[in-house]
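Here numbering that gives the first Met the number 0 is used: the first residue of the sequence shown is 0, the next is one more, and so on.
Encoded as structure tokens, the structure appears first; notes follow it.
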Amino acid sequence: MKSFITMWLALLLLSIGHVSVSASVDVTVDPEMTFAELAHACNLRGGVLADALGLDRPIDKQLSLRELGVTDKAVQDLLSSGVALEPLSSEPLMRGRGRGKGRGHNPNAEDAEGASRGDGRHRETQAVPDLYNYLLWPVLLGGVLWWLLRGGRFERGCPLPVAKRYSPLAFHATLALVVLFFGFASGKSPNPMEGLVKFVKALAGFYDDPWIKLGFLLFFTLMALLGSKLICGWGCPFGALQELVYDLPLLRRYKNLRLPFLFTMTVRTLIFASFLIIVSGVTGTRWVLYHGLNPFNLFGFEFSQVSIGIAVAVSLLLSLVIYRPFCQLVCPFGWYAWFLEKISLTGVRIDSQICVDCGACDRACPVEAAKDRLAGKKWPAECFSCARCLRVCPVDAIDYGPRWRQKSGAGSAEVKK
0 MKSFITMWLA LLLLSIGHVS VSASVDVTVD PEMTFAELAH ACNLRGGVLA DALGLDRPID
60 KQLSLRELGV TDKAVQDLLS SGVALEPLSS EPLMRGRGRG KGRGHNPNAE DAEGASRGDG
120 RHRETQAVPD LYNYLLWPVL LGGVLWWLLR GGRFERGCPL PVAKRYSPLA FHATLALVVL
180 FFGFASGKSP NPMEGLVKFV KALAGFYDDP WIKLGFLLFF TLMALLGSKL ICGWGCPFGA
240 LQELVYDLPL LRRYKNLRLP FLFTMTVRTL IFASFLIIVS GVTGTRWVLY HGLNPFNLFG
300 FEFSQVSIGI AVAVSLLLSL VIYRPFCQLV CPFGWYAWFL EKISLTGVRI DSQICVDCGA
360 CDRACPVEAA KDRLAGKKWP AECFSCARCL RVCPVDAIDY GPRWRQKSGA GSAEVKK
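In structure tokens:
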């Protein structure tokens, strides 16, 4: 396991290094490119760039640089001066400069005066508008929660043996639907990770609409509060893809590799802290670390940075033997959602009086969640609500239910949280 962890961290550092280097590469200017394309390549809002180049505002961003009289020398002088990295007037910037963070890097970036070319590209390639995602996520997770609360059964009737509940087929079919609909059909966004990252960027002045970004974050927060990391376990497209890869009947002898929760939380905390420091401008150059590690670009087939391809490839390869490596080691929303588990409305409950300490749930759990709950830890490892533990208990001592109520059943006692 140590070799896998070492390989992951080495590739992660390589990806971060590539991101930081790409932030300082010059932009190649074509006289026929539109002003909108130039603004996106420079990672600047159109209004900020217009001011810096001495152009009038508002400006028609679809005009070419030749029509506007903007020369390559003027752009290169601006970028080399370092002005593009500092706030101009009272308006915030988008990110650092350079082709590494240029076209296709952030296709959902809003411009202060209209949608950027990247935003248009995202909308052109996605088959499902963002609004449908926000409408259908509650429907999907509501159905999943209903199924979990009913003991993994779709119909009422005679009680089923535990082994026949919480069908893996239903689980995998749902995940496949999530990958196809919320992933490839919808493009790289929206997604839970973006919800948190964009809110932090708004606080740092990257966007003019922090309240809207807060609304998106609150949406994903509510989805996480429905059940223990329910949006992560059942609604996140890249998380679902990693789960499907993990469940492939390959390399089974290595699938007992479990990353220590203290280790995974430490790594995510350090990455998130680095993100906060860099995006706030403390280091001088503001750029978004997660942009170069964003695996959701896979769903829009956008690989403008080598580091993105590395992050996707490594995450999926390690998913063959390690459960959701990107979720456990990088994802900031997964880090954030763990703090919400304690106050989530529903989750896995263990009846301590029925439990016979056979350890079946611990062996079935791909993380340390079941082990920590059996031990009665106050802050147990994160649980993705995957239902693996629910389908293996020989005495039915585990169920999925409201946090405020103990597990129902004969001999039920106080539930360990």
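Just so it is clear, CB atoms sit at the ideal spot from N, CA and C, and this is done for glycine as well.
Please read all numbers here as calculations on a predicted model, not as lab measurements.
* Any idea which residues DSSP pairs R348 with across the strands? -> Start at 1 with the first residue of the sequence shown, and residue 348 comes out as number 349. In DSSP, R348 forms a bridge with D398.
* Go ahead and label R362 buried or exposed: buried means 16 or more other beta carbons lie within 10 angstroms of its beta carbon, across all protein chains shown. => Here residue 362 refers to the residue found at position 363 when the sequence shown is read from its first residue. By the 10 Å Cβ count, R362 comes out exposed.
* With DSSP as the reference, please indicate the residues paired to G33 in a beta bridge. => For the purposes of this step, residue 33 is taken as residue 34 along the sequence shown, with counting starting at 1. Per the sequence presented here, residue 33 reads as Thr, with Gly not at that position. The partner list for T33 (beta bridge, DSSP) reads S63.
* Can you give the Cα-Cα distance for G308 and S166, rounded to whole angstroms? -> Walking along the sequence shown from the start, residue 308 turns up at place 309. Walking along the sequence shown from the start, residue 166 turns up at place 167. Approximately 33 Å between the Cα atoms of the pair.
* V138 beta carbon less than 8 Å from that of S185 -> As a first step, residue 185 must be located in the sequence shown, where it is residue number 186. As a first step, residue 138 must be located in the sequence shown, where it is residue number 139. Not closer than 8 Å, so no.
* Quick one: what does DSSP say F170 is sitting in, helix, strand or coil? -> Here residue 170 corresponds to residue number 171 of the sequence shown, with the count starting at 1. Helix.
* Exposed or buried, which one is P335 when buried takes at least 16 other CB atoms within 10 Å? -> In the sequence shown, residue 335 corresponds to position 336, counting from 1. It should be noted that the sequence gives Tyr, not Pro, for residue 335. Looking at its Cβ environment, which holds 16 or more other Cβ atoms inside 10 Å, Y335 is buried.
* **Buried versus exposed call for G81 [16 or more other C-beta atoms within 10 Å across all chains shown]** => By one-based count along the sequence shown, residue 81 stands at place 82. Since pLDDT at G81 reaches only 44, below the 50 mark, its modelled position is unreliable, and the value read off the structure follows with that caveat. G81 should be labelled exposed.
* Within 10 angstroms of its Cβ, does Q241 collect 16 or more other Cβ (buried), or is it exposed? -> For this step, residue 241 is matched to residue 242 along the sequence shown. Its Cβ being crowded by 16 or more others within 10 Å, Q241 is buried.
* Asked: From which residue to which residue does the alpha helix (DSSP H) around L202 run?
  -> As a first step, residue 202 is located in the sequence shown; it is residue number 203 there, counting from the start. That run of the alpha helix (DSSP H) goes 191-202.
* **Neighbour-count burial assignment, T263, 16 or more Cβ in a 10 Å radius** => For the purposes of this step, residue 263 is identified with residue 264 of the sequence shown, where counting begins at 1. Classification for T263: buried.
* Asked: Of all the CB atoms in chain C, is at least one closer than 8 Å to the CB of F332?
  -> The structure shown contains no chain C; it is built from a single protein chain.
* Since V391 contacts C360 with CB under 8 Å, what's their CB separation in whole angstroms? -> Numbered from its first residue, the sequence shown carries residue 391 at position 392. Numbered from its first residue, the sequence shown carries residue 360 at position 361. Sure, about 6 Å apart at Cβ, within 8 Å.
* Beta-carbon proximity check, R267 vs V329, cutoff 8 Å -> Counting from one through the sequence shown, the residue named residue 267 turns up at place 268. Counting from one through the sequence shown, the residue named residue 329 turns up at place 330. The answer is yes: Cβ separation under 8 Å.
* To do: Sort Q61, K60, L37 by Cα distance to Q75 and report the nearest one.
  => Position 76 of the sequence shown, counted from the first residue, corresponds to residue 75. Ranking Q61, K60, L37 by Cα distance to Q75 puts L37 first.
* Option in L339, Y206, V355 with minimal Cα separation from R402 -> For the purposes of this step, residue 402 is identified with residue 403 of the sequence shown, where counting begins at 1. Selected option, being the one with the closest Cα: L339.
* Span separating the alpha-carbon of D398 from that of C382 -> Position 399 of the sequence shown, counting from 1, holds the residue named residue 398. Position 383 of the sequence shown, counting from 1, holds the residue named residue 382. Cα-Cα distance, rounded: 13 Å.
* Work out the CA separation of V313 and I274 for me, nearest whole Å. => As a position in the sequence shown, residue 274 is number 275, starting the count at 1. As a position in the sequence shown, residue 313 is number 314, starting the count at 1. It is worth fixing the name first, because residue 274 is Phe in this sequence and not Ile. Roughly 21 Å separates the two Cα atoms.
* To do: Check whether the Cβ atoms of L319 and L256 sit closer than 8 Å, and answer yes or no.
  => Within the sequence shown, residue 319 is the residue found at index 320, counting from 1. Within the sequence shown, residue 256 is the residue found at index 257, counting from 1. No; because the gap between Cβ atoms is not below 8 Å, this pair is not in contact.
* Asked: Could you give the uninterrupted runs of the beta strand (DSSP E) lying entirely in the region 334-378, keeping only those of 3 residues or more?
  -> 345-350
* To do: State the DSSP-derived secondary structure class of R404, mapped to helix, strand or coil.
  => Position 405 of the sequence shown, counted from the start, is the residue given in the question as residue 404. Of the three classes helix, strand and coil, the one that applies to R404 here is coil, per DSSP.
* Buried or exposed: where does P191 fall if 16 or more other Cβ atoms within 10 Å of its Cβ makes it buried? -> As a working note, residue 191 is residue 192 in the sequence shown. Result: buried.
* Alpha carbon to alpha carbon, how far is D129 from Y253? -> On the sequence shown, residue 129 is found 130 positions in, with the first residue counted as 1. On the sequence shown, residue 253 is found 254 positions in, with the first residue counted as 1. Taking the straight line from one Cα to the other gives about 38 Å.
* Asked: If we count Cβ pairs, one from each stretch, closer than 8 Å, do we get three or more for the region 213-220 versus the region 295-302?
  -> no
* **Cβ pair S384, L229 closer than 8 Å** => Counted from its first residue, the sequence shown places residue 384 at position 385. Counted from its first residue, the sequence shown places residue 229 at position 230. Against a cut-off of 8 Å, the Cβ pair of L229 and S384 comes out as a contact.
* To do: Determine the burial state of Q352: buried for a count of at least 16 other Cβ atoms within 10 Å of its Cβ, exposed for fewer.
  => One-based indexing of the sequence shown puts residue 352 at position 353. That one is exposed.
* Asked: Expressed to the nearest angstrom, what Euclidean distance is found between the alpha-carbon atoms of A83 and S63?
  -> Taking the sequence shown and counting its residues from 1, the one referred to as residue 83 is at position 84. Taking the sequence shown and counting its residues from 1, the one referred to as residue 63 is at position 64. Reliability fails at A83, whose pLDDT of 35 lies under 50, so the model's placement of it is uncertain and no value is given.
* Between which two residues does the alpha helix (DSSP H) harbouring A310 extend? -> As a working note, residue 310 is residue 311 in the sequence shown. Unbroken alpha helix (DSSP H) run through A310: 305-317.
* Report yes if the CB atom of V366 is closer than 8 Å to the CB atom of F260, and no otherwise. => By 1-based counting over the sequence shown, the position of residue 366 is 367. By 1-based counting over the sequence shown, the position of residue 260 is 261. In contact: V366 and F260 (Cβ atoms closer than 8 Å).
* Look at F198 and A386 and say whether their C-beta atoms are less than 8 Å apart. => Position 199 of the sequence shown holds residue 198. Position 387 of the sequence shown holds residue 386. Result no, Cβ atoms of F198 and A386 do not sit closer than 8 Å.
* If we ignore side chains and look at the alpha-carbon of each, how far apart do V178 and A172 end up? -> Within the sequence shown, numbered from 1, the residue matching residue 178 stands at position 179. Within the sequence shown, numbered from 1, the residue matching residue 172 stands at position 173. For V178 and A172, the distance between alpha carbons rounds to 10 Å.
* Kindly give me the distance between the Cβ atoms of F325 and P236, rounded to whole angstroms, as I take these residues to be in contact under 8 Å. => As a first step, residue 325 is located in the sequence shown; it is residue number 326 there, counting from the start. As a first step, residue 236 is located in the sequence shown; it is residue number 237 there, counting from the start. The Cβ separation is near 12 Å, so there is no contact.
* To do: Could you check if R279 is buried or exposed, using at least 16 other CB atoms within 10 Å of its CB as the buried criterion?
  => To locate residue 279, count along the sequence shown from 1; it is residue 280. The sequence as given places Ser at residue 279; Arg does not occur at that position. Per the 10 Å Cβ criterion, exposed.
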